[in-house]
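J.: Numbering (my numbering), first residue to last: 60 to 371. I have a structure I would like to understand better, so I am pasting it below and will then ask my questions one at a time.
Given below as structure tokens:
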């Protein structure tokens with residue numbers, strides 16, 4: 060089908076080419092040979108009267124026109140995708156649906172271990188794929204590569220709707236054999252201690268506690284940096300190091316690791332985790348169903364930071 064002389068099938072090729080900026084990678088995503096992908100690019104160049112991508116050294120870069128086309132073309136295709144995928148209703152008992160959710164391993168441990176057994180009973184044909192944080196999470200949502208983000212509310216953007224799921228607070232943890240930490244910890248002791256922390260993605264984005272203390276000019280000594288919240292308690296045990304982490308996750312690990320929990324030396328704001336979805340999926344029945352199911356799974360957390368994952 061053609062529109063104003065453009066073969067509409069080429070829109071998909073255009074989107075992939077502008078995203079990958081590599082003929083080989085684009086051909087794989089399009090399930091085409093490299094010569095066919097090159098042919099599609101040639102036809103697009105002819106239609107737009109522009110190179111769209113040019114070779115600079117060993118890589119291809121977008122021309123100004125290519126840059127200006129990338130976002131609107133992706134937006135058009137996402138609108139089409141969400142329109143044709145939407146059904147008038149969603150029956151979880153019989154549905155075959157795959158959801159992709161981007162979240163921290165903290166949320167996966169605390170919330171999803173509670174939610175998944177319930178989801179399987181209610182919707183045995185629904186599958187879930189949980190992906191880790193990255194430095195392009197908003198791009199992934201906007202491109203339709205993931206269905207949901209679950210993240211702290213202070214990181215939300217106004218472009219897409221969101222809804223709170225649950226709250227948590229922060230605690231300090233130490234090995235139970237660490238005699239430098241008693242039933243409480245002063246700010247001086249806290250700053251003098253070695254810390255375990257977590258950072259995300261290629262840009263090494265800090266967790267909230269690191270941002271919070273740096274904001275008030277408190278410099279901590281980071282002696283162990285990991286990519287996983289779940290690794291933090293394990294890296295504290297057997298050492299004199301401490302960490303600041305989510306209370307629910309700390310309580311979960313205290314059940315089988317020799318840990319002690321103490322209040323942070325300064326009052327920290329509570330954390331609210333929210334679920335975010337693309338505005339185009341606002342009224343999609345499948346999206347609505349999963350959002351509600353996760354809210355129900357998180358409901359027992361209300362007002363109790365000690366509550367952790369309890370399958371069922």
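The beta-carbon is built from N, C-alpha and C at its ideal position, and this holds for glycine as well. Nothing here was measured: the structure is a model prediction, and the numbers come from that model.
Please classify residue 192 as buried or exposed, where buried requires at least 16 other C-beta atoms within 10 Å of its C-beta.
T.: buried
J.: Can you give me the start and stop residues for the alpha helix (DSSP H) that residue 105 sits inside?
T.: 93-107
J.: Where are the beta strand (DSSP E) runs, 3 residues long or more, that stay fully inside the stretch 235-320, in chain order?
T.: Those beta strand (DSSP E) runs which fall completely within the stretch 235-320 and span 3+ residues are 253-259, 280-285, 301-305.
J.: Once you ignore the five residues that flank residue 165 on each side, which residues in its own chain have a CB closer than 6 Å to its CB?
T.: 288, 305, 308
J.: Starting from residue 332, trace the beta strand (DSSP E) in both directions and tell me its first and last residue.
T.: 330-336
J.: Using three-state DSSP, classify residue 122 as helix, strand or coil.
T.: coil
J.: Return the CA-CA distance between residue 275 and residue 317, expressed in angstroms with no decimal places.
T.: 31 Å
J.: I'd like the span of the alpha helix (DSSP H) that includes residue 201, first residue to last.
T.: 196-201
J.: Which residues in the same chain have their Cβ closer than 8 Å to the Cβ of residue 153, if we skip the five residues on either side of it in sequence?
T.: 184
J.: Does at least one heavy atom of the ligand HEM sit under 6 Å from the Cβ of residue 253?
T.: With respect to small molecules bound, the structure shown includes none, and the ligand HEM cannot be examined in it.
J.: Any idea what DSSP makes of residue 355, helix, strand or coil?
T.: helix
J.: Does DSSP put residue 372 in a helix, in a strand, or in coil?
T.: Outside the displayed range of the chain (60 to 371) lies residue 372, so it cannot be described from this structure.
J.: So, for residue 213: in the same chain, excluding its five sequence neighbours on each side, which residues have a beta-carbon less than 8 Å away from its beta-carbon?
T.: 267
J.: Let me confirm a value: residue 245 is counted as buried when at least 16 other C-beta atoms fall within 10 Å, else exposed. Which label applies?
T.: exposed
J.: Count the other CB atoms within 10 Å of the CB of residue 239; is the residue buried (16 or more) or exposed (fewer)?
T.: exposed
J.: Can you say whether residue 83 is buried or exposed, counting buried as having 16 or more other CB atoms within 10 angstroms of its CB?
T.: exposed
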